[in-house]
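According to this note's numbering, the stretch in the sequence shown is residues 50 to 316, in order. Cβ coordinates follow ideal geometry from the N, Cα and C atoms, glycine included. Every value quoted in this text rests on a predicted model; they were computed, and no experiment measured them. Worksheet for the structure shown next.
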Amino acid sequence: MSDTLRLTIRLAFRNIFRNKRRTGLMVLLVASGLTAMMFTDGLMLGMSDLMVKKITGTWMGDAQIHQPGFREGMDTTIYIKDPAAAEAILAKDPKVLAWSKRTIAGGMVASSNNVAPSAIFGIDPINEPKVSRLTEALVEGTFLTSGDRNGIWIGDKMAELLEVRLGDRIGTTMTEAETGELSQMLFRVSGILNFNDRIMDKETAFVSLAAGQAMAGFGSGVHEIVISLAPVAAGEPTLENLQSAFAAEGLEFLDWQGLMPELSGIL
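Written as structure tokens, this is what we have:
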């Protein structure tokens, strides 16, 4: 150790202990500041994680697959014609925990008492609980089954508007994707939902995937595939690999940041 370094260390210690009260106050100030910064940083990170988990876990999923152009106008004529090819890609990636197929269409839901506009979702009753918390919103009734083409779930606000209860019959009207003709089907209310969201409770209805595909008139096609992923850091190869694989199939793959760029920008 050089003489200059020894002298510097000696002067430093002498300066620190020459006024112990001042040194103690400075240490306390720095420690308090760091503690406050760490607490604030942890609080903000926790809030951000909770916000993302709430949004992705409730309905949106960690990522979604669509036919390019569908999301811009929710055009029911734009759909994934061969979901089996997309499912084969998902099955090969170990980061993919689960996925579920959906059909989405705007239409009308009518009872003998009233009529309500609605977004009508066809869901896979087996896989949907793996990617969303839809089933947790069920407050009355029974779960849909894969082959059930008669049951329908509606929000409690829609049930009030239509003046229907469990077991009552209601009809749906929507436009077929391929022909453009009106498709009408009768259902029996098998479930009442409450999302604590006025729009969801008043303007959404859910049927089995088979019923949704039958109403849309496009066989095994679907409008979207919702994916649940294991924790993936931004820019990790898994997302890039999936994006490249689906782009090669002519499909659009978006994670939650792509689906909600406003929230991503805020965070």
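**Study point:** Exposure label - Lys150; buried when at least 16 CB within 10 Å
**Key:** On the sequence shown, residue 150 is found 101 positions in, with the first residue counted as 1. By the neighbour-count criterion, in which 16 or more other beta carbons inside 10 Å mark a residue as buried, Lys150 falls on the buried side.
Point to revise | Alpha carbon of Lys251 to alpha carbon of Phe302, nearest angstrom | key: Indexing the sequence shown from 1 puts residue 251 at position 202. Indexing the sequence shown from 1 puts residue 302 at position 253. Taking the straight line joining both Cα atoms gives about 30 angstroms.
Check your understanding: Looking at C-beta atoms only, is the number of pairs between the stretch 177-190 and the stretch 240-248 that lie closer than 8 angstroms three or more?
Key -> For the pair of segments examined, the stretch 177-190 was found to touch the stretch 240-248: the number of CB pairs separated by less than 8 angstroms reaches three.
Practice item. Take Glu289 as the anchor and find which of Lys130, Gly307, Leu183, Glu121 has the nearest alpha-carbon. Key: Here residue 289 refers to the residue found at position 240 of the sequence shown. When each option's Cα is compared against that of Glu289, the closest is Gly307.
Point to revise | Endpoints, alpha helix (DSSP H) assigned at Lys141 | key: Sequence index remark: in the sequence shown, residue 141 carries index 92 (1-based). Following the DSSP letters along the chain, one finds Lys141 inside the alpha helix (DSSP H) bounded by residues 132-141.
Check your understanding: Among residues of its own chain, excluding the 5 on either side of Val256, which ones have a beta-carbon nearer than 6 angstroms to its beta-carbon?
Key -> To locate residue 256, count along the sequence shown from 1; it is residue 207. If the five residues before and after Val256 are omitted, its C-beta is found closer than 6 angstroms to the C-beta atoms of Gly171, Ile201, all from its own chain and listed in chain order.
Practice item. Starting from the Cα of Asn10, find the closest Cα among Ala260, Ile248, Asp142, Ile169 and give me that residue. Key: Look at the range of the chain in this structure, 50 to 316, and you will see that residue 10 is not part of it.
Review point. Tell me the DSSP bridge mates of His115?
Key: Counting from one through the sequence shown, the residue named residue 115 turns up at place 66. His115 pairs with Glu301.
Check your understanding: In terms of DSSP beta bridges, what is Ala154 paired with?
Key -> Reading the sequence shown from its first residue, position 105 is the one you call residue 154. Ile169.
Check your understanding: Thinking C-beta only, is Val158 closer than 8 angstroms to Ala254?
Key -> Taking the sequence shown and counting its residues from 1, the one referred to as residue 254 is at position 205. Taking the sequence shown and counting its residues from 1, the one referred to as residue 158 is at position 109. Going by C-beta atoms, Ala254 is nearer than 8 angstroms to Val158.
**Study point:** Of the listed residues Leu210, Ser232, Thr125, Thr107, nearest to Pro178 (C-alpha basis)
**Key:** Looking up residue 178 in the sequence shown gives position 129. Closest in alpha carbon position to Pro178, among Leu210, Ser232, Thr125, Thr107, is Thr107.
Exercise for review: Compute the Euclidean distance between the alpha carbons of Leu70 and Leu77, then round it to the nearest angstrom.
Suggested key: For the purposes of this step, residue 70 is identified with residue 21 of the sequence shown, where counting begins at 1. For the purposes of this step, residue 77 is identified with residue 28 of the sequence shown, where counting begins at 1. Per the sequence presented here, residue 70 reads as Arg, with Leu not at that position. Going from the Cα of Arg70 to the Cα of Leu77 covers about 11 angstroms.
Check your understanding: Per DSSP, Arg218 is paired with what?
Key -> Locating residue 218 in the sequence shown gives position 169, where the first residue counts as 1. According to the DSSP secondary-structure assignment, Arg218 is paired through a beta bridge with Arg237.
Practice item. May I have the straight-line CA-CA distance separating Glu212 from Ile169, to the nearest angstrom? Key: The residue given as residue 212 occupies position 163 in the sequence shown. The residue given as residue 169 occupies position 120 in the sequence shown. Between Glu212 and Ile169, the alpha-carbon positions lie close to 19 angstroms from each other.
**Study point:** For Thr253, the first and last residue of its enclosing beta strand (DSSP E)
**Key:** Position 204 of the sequence shown, counting from 1, holds the residue named residue 253. Segment 253-257, the beta strand (DSSP E) holding Thr253.
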